[in-house]
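Trainee:
Residue numbers (this note's numbering): 1 to 329.
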């Protein structure tokens, strides 16, 4: 993508985020995953009064709606993988009890779009700012005011900025769940209105128009990140590896064929309703018992995109026994 094209895409994204009609392009359902019920209640009220306030009359089936749920999991947490599945299912139950909406059915029919924002954590990287909000990391205020439904003005929070910016993807993701981090602010440099071609999208920053050499791999620090590699083929299939050197990455990614582009993963992703339902079924035992800890990169995306032997070798570097990784794969 040329510099001029990138500039135009950035300008278009910013214009869409700040458009007076931007509320119409919000995700139909906004789900906030919090650390406790108090924060959940706060974000339902706050977002429903501001960024996500309904534009339709109360007699209609009102979208957008806000659902906030706490992650009441076993000590140690669920990880962002199981945490996503658990929050989604909990939000589906809340949507039915509070709004009379069968969210899972509407997602499967491609009638609505949904976005889930993870907000847990103490905000170490934002310190000392979260301390001003009782360690409510996404509640850190920014120097910009928004008008609430009652006509008053309040400073925009980090989470509200993230909800506002990610709304540009809503129109392209009917029938999909988009997952973001509540403090990750970015402006897309690629077209944000598109037709998803795969069941799973992972947001990343692709570096250059060709695969990096061994020297470029080190220079760009790719050995320190989770990396997405995209094939040269028309299908643009992709795979993920995590914190490996160039030679190891090339070996592990050979199943992709010729690699076209490579770049660090940003972590955010979207999944189709079919994959979402399948993952919930796969981890039914863990979700019902509220036990276990699985993250998306090592436990979802890598086993789905890497051959078994390469996946087990990579997990062995993390101290995971081969038999455990083989069974998981």
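Even glycine gets a Cβ: it sits at the ideal position worked out from N, Cα and C.
Return no unless some Cβ of chain D is closer than 8 angstroms to the Cβ of residue 190.
Mentor: In the displayed structure, chain D is absent; only one protein chain is listed.
Trainee: Grouping DSSP H, G and I as helix and E and B as strand, with all else coil, what is residue 230?
Mentor: As a working note, residue 230 is residue 230 in the chain shown. In the structure shown, residue 230 sits in a strand (DSSP, three-state: E or B).
Trainee: Considering residue 141, what are the terminal residues of the beta strand (DSSP E) in which it resides?
Mentor: Position 141 of the chain shown holds residue 141. Its beta strand (DSSP E) spans residues 141 to 147.
Trainee: Going by DSSP in three states, residue 68 sits in which element: helix, strand or coil?
Mentor: Position 68 of the chain shown holds residue 68. DSSP places residue 68 in strand when its eight states are reduced to three.
Trainee: Would you check if there are 3 or more beta carbon pairs closer than 8 angstroms linking the stretch 77 to 96 to the stretch 112 to 126?
Mentor: yes
Trainee: In whole angstroms, give me the CA-to-CA distance for residue 336 and residue 187.
Mentor: The first residue shown for the chain is 1 and the last is 329, placing residue 336 beyond what the model contains.
Trainee: Is the CB-CB distance between residue 189 and residue 26 below 8 angstroms?
Mentor: Working through the chain shown from its first residue, we reach residue 189 at position 189. Working through the chain shown from its first residue, we reach residue 26 at position 26. No, these two residues do not count as a Cβ contact at 8 angstroms.
Trainee: Grab me the residues of residue 94's own chain with a C-beta within less than 8 angstroms of its C-beta, minus the 5 sequence neighbours each way, in chain order.
Mentor: Here residue 94 refers to the residue found at position 94 when the chain shown is read from its first residue. Excluding the 5 residues flanking it on each side, residue 94 has same chain C-beta neighbours closer than 8 angstroms at 67 and 69, in chain order.
Trainee: Do you know offhand how far residue 314's Cα is from residue 251's?
Mentor: Looking up residue 314 in the chain shown gives position 314. Looking up residue 251 in the chain shown gives position 251. Straight across, the Cα-Cα distance linking residue 314 with residue 251 is about 11 angstroms.
Trainee: With a CB to CB cut of under 7 angstroms and the five nearest residues on each side skipped, what residues in its chain are close to residue 110?
Mentor: Position 110 of the chain shown holds residue 110. 174 and 175, listed in sequence order.
Trainee: Report all residues from its chain with a CB closer than 7 angstroms to the CB of residue 102; omit the five preceding and five following residues, and keep chain order.
Mentor: Locating residue 102 in the chain shown gives position 102, where the first residue counts as 1. Around residue 102: 96.
Trainee: Taking the alpha carbon of residue 245 as the reference point, which residue from 257, 226 and 231 has its own alpha carbon closest?
Mentor: The count along the chain shown starts at 1 and reaches residue 245 at position 245. Nearest C-alpha to residue 245: 226.
Trainee: So within the stretch 93 to 120, which uninterrupted beta strand (DSSP E) runs reach at least 3 residues, ignoring any that extend past its ends?
Mentor: 114 to 118
Trainee: Between residue 144 and residue 166, which are expected to be in contact by the criterion C-beta below 8 angstroms, what is the C-beta distance as a whole number of angstroms?
Mentor: Mapped onto the chain shown, residue 144 falls at position 144. Mapped onto the chain shown, residue 166 falls at position 166. Residue 144 to residue 166, Cβ: 17 angstroms. No contact.
Trainee: Does the stretch 262 to 274 come within contact of the stretch 220 to 234, defined as at least 3 CB pairs closer than 8 angstroms?
Mentor: The stretch 262 to 274, when compared against the stretch 220 to 234, does touch it at the 8 angstroms Cβ threshold.
Trainee: DSSP three-state label for residue 309, please.
Mentor: As a first step, residue 309 must be located in the chain shown, where it is residue number 309. Looking at residue 309 - three-state DSSP - the assignment turns out to be helix.
Trainee: Is it right to say residue 259 is buried, meaning 16 or more other beta carbons lie within 10 angstroms of its own, or is it exposed?
Mentor: As a first step, residue 259 must be located in the chain shown, where it is residue number 259. By the 10 Å Cβ count, residue 259 comes out buried.
Trainee: Kindly indicate which residue of 319, 140 and 163 has the alpha-carbon position closest to the one of residue 31.
Mentor: For the purposes of this step, residue 31 is taken as the residue at position 31 of the chain shown. Ranking the options by Cα distance to residue 31, first place goes to 163.
Trainee: Note the first and the last residue of the continuous alpha helix (DSSP H) segment covering residue 273.
Mentor: For the purposes of this step, residue 273 is identified with residue 273 of the chain shown, where counting begins at 1. Judged by DSSP secondary structure, residue 273 falls within the alpha helix (DSSP H) whose first and last residues are 273 to 282.
Trainee: DSSP state of residue 165, grouped into three classes?
Mentor: Taking the chain shown and counting its residues from 1, the one referred to as residue 165 is at position 165. Three-state DSSP puts residue 165 in a helix.
Trainee: Write down the C-beta distance between residue 201 and residue 255 rounded to the nearest angstrom, noting that I regard them as a contact closer than 8 angstroms.
Mentor: The count along the chain shown starts at 1 and reaches residue 201 at position 201. The count along the chain shown starts at 1 and reaches residue 255 at position 255. Wrong, their Cβ atoms sit about 20 angstroms apart, outside the cutoff.
Trainee: Round the Cβ separation of residue 139 and residue 126 to the nearest angstrom and send it over; I've been treating them as touching at under 8 angstroms.
Mentor: Residue mapping note: residue 139 aligns to position 139 of the chain shown, counting from 1. Residue mapping note: residue 126 aligns to position 126 of the chain shown, counting from 1. Actually they do not touch by this definition, with Cβ atoms about 11 angstroms apart.
Trainee: Using only alpha-carbon positions, find the residue among 215, 326, 285 and 206 that is nearest to residue 229.
Mentor: Here residue 229 corresponds to residue number 229 of the chain shown, with the count starting at 1. Checking every option, the nearest Cα to that of residue 229 belongs to 206.
Trainee: Quick one: what does DSSP say residue 173 is sitting in, helix, strand or coil?
Mentor: Within the chain shown, the letter at position 173 stands for residue 173. Here residue 173 sits in coil by DSSP.
Trainee: Give me the Cα-Cα distance between residue 311 and residue 19, rounded to the nearest whole angstrom.
Mentor: The residue you call residue 311 lines up with position 311 of the chain shown. The residue you call residue 19 lines up with position 19 of the chain shown. Residue 311 and residue 19: Cα-Cα distance of roughly 45 angstroms.
Trainee: Residue 42 to residue 321, Cα distance in whole Å?
Mentor: Stepping through the chain shown from its first residue, residue 42 is reached at position 42. Stepping through the chain shown from its first residue, residue 321 is reached at position 321. Distance between the alpha carbons of residue 42 and residue 321 is about 42 angstroms.
Trainee: Would residue 278 be called buried (16 or more neighbouring beta carbons within 10 Å of its own) or exposed?
Mentor: Locating residue 278 in the chain shown gives position 278, counting from the first residue. Exposed: under 16 other Cβ atoms inside 10 Å.
Trainee: By DSSP, does residue 242 sit in helix, in strand, or in coil?
Mentor: Here residue 242 corresponds to residue number 242 of the chain shown, with the count starting at 1. Residue 242 falls in the strand class under three-state DSSP.
Trainee: Work out the CA separation of residue 210 and residue 92 for me, nearest whole Å.
Mentor: Translated into the one-based positions of the chain shown, residue 92 becomes position 92. Translated into the one-based positions of the chain shown, residue 210 becomes position 210. Rounded to the nearest angstrom, the two C-alpha atoms are 42 angstroms apart.
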